[in-house]
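Everything below concerns the one structure shown next.
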Amino acid sequence: MFKIGVMASGGGSNFKAIIERIGEGDLEAQCKFLITNNGTCGAVEHAKEYGIPVYHISGKTHPDVAAYEAALLEVLDKYDVDLLILAGYMKALPVCIVRRMENRILNIHPSLLPKYGGKGFWGIHVHEAVIAAHEKESGPTVHLVSEEIDQGKILAQVKVPVLEGDTPEVLAARVLEQEHDLYWKTIRDYYNEMGH
Ligand code: GRF
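Read in this note's numbering, the sequence shown has 52 at position 43, and its numbers run on one by one without any break.
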């Protein structure tokens with residue numbers, strides 16, 4: 010049984026999919042906390058439903074950068090998780106966190122990295138760009154988090170077709186469906202590869 014912590018900002022469907030797999034015993038892990046920068050997001054609702062402690066840490070709650078970073082580090086210290094899972098966390102992680110958890114932070118991105126990653130490629134903009142470029146396929150990538158956004162080692166990808174007439178929203182939904190199956194399996198496999 011290993012320990013994970015999750016960071017999320019949005020609807021939290023990936024977070025929910027992971028905690029459901031834990032609940033079903035498919036992923037032999039415990040989720041110790043949710044850190045969010047958005048106290049009213051869907052992920053918070055899911056955490057409450059499953060009794061997972063929520064920490065709202067943002068530029069609003071902690072306007073001072075040093076205090077903000079200290080608050081994040083305090084949660085990491087308290088729970089000493091094996092892996093930190095970014096599940097739709099829409100803010101760059103402070104370098105001190107990336108270094109502290111080197112090779113132990115995973116992120117999921119809704120394109121086939123290295124394509125459509127980095128600055129400006131977040132949310133629906135990713136899918137808009139994929140469609141505008143007339144790509145024939147897209148799909149989610151799970152990767153390690155490094156100091157450069159979306160450039161860490163790729164752990165897993167799944168391809169989905171981009172179909173004639175797709176809107177960014179339709180493509181986003183097709184990719185998201187795959188994310189829910191890909192993320193928990195990649196977390197499991199990566200933890201095992203770490204030598205456990
Ligand atoms: C997903 O598309 C993920 O790839 C990206 O943010 C979105 C999060 O969706 N990083 P949800 O909040 O898990 O529903």
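Glycine is no exception: its CB is placed at the ideal position from the N, C-alpha and C atoms.
Are the CB atoms of residue 97 and residue 182 within a distance shorter than 7 angstroms? In the sequence shown, counting from the first residue as 1, residue 182 sits at position 173. In the sequence shown, counting from the first residue as 1, residue 97 sits at position 88. The answer is no: Cβ separation not under 7 angstroms.
From residue 129 to residue 159, what does the alpha carbon distance come to, in whole angstroms? On the sequence shown, position 120 is the one that residue 129 refers to. On the sequence shown, position 150 is the one that residue 159 refers to. Spanning the two alpha carbons is a distance of roughly 11 angstroms.
Nonlocal neighbours in the same chain, by C-beta distance under 7 angstroms from residue 169, ignoring five residues either side: Walking along the sequence shown from the start, residue 169 turns up at place 160. Cβ contact annotation for residue 169 (same chain, cutoff 7 angstroms, sequence separation greater than five): 146, 147, 148, 183, 184, 187, in chain order.
Can we count residue 165 as close to the ligand GRF, meaning its CB is less than 6 angstroms from some heavy atom? Sequence index remark: in the sequence shown, residue 165 carries index 156 (1-based). For the ligand GRF, not one heavy atom lies less than 6 angstroms from the Cβ of residue 165.
Taking the beta strand (DSSP E) that residue 63 falls in, what are its first and last residues? Walking along the sequence shown from the start, residue 63 turns up at place 54. 63-65 is the span of the beta strand (DSSP E), which, as asked, contains residue 63.
Other residues of its chain near residue 30: CB distance less than 7 angstroms, five sequence neighbours each side excluded: Locating residue 30 in the sequence shown gives position 21, counting from the first residue. Around residue 30: 36, 193.
Who are the near neighbours of residue 38 in its chain, counting only those whose CB is closer than 6 angstroms to its CB and skipping five residues on each side? Taking the sequence shown and counting its residues from 1, one reaches residue 38 at position 29. Cβ neighbours of residue 38 within its own chain (closer than 6 angstroms, five residues either side excluded): 11, 13, 31.
Between which residues of its own chain and residue 137 is the CB-CB distance below 8 angstroms, once the five residues before and five after are set aside? The residue given as residue 137 occupies position 128 in the sequence shown. Once the five neighbours on either side are set aside, the close Cβ partners of residue 137 are 177.
Smallest Cα separation from residue 95: which of 42, 173, 123? Within the sequence shown, residue 95 is the residue found at index 86, counting from 1. Check the Cα spacing between residue 95 and each of 42, 173, 123: the tightest is with 42.
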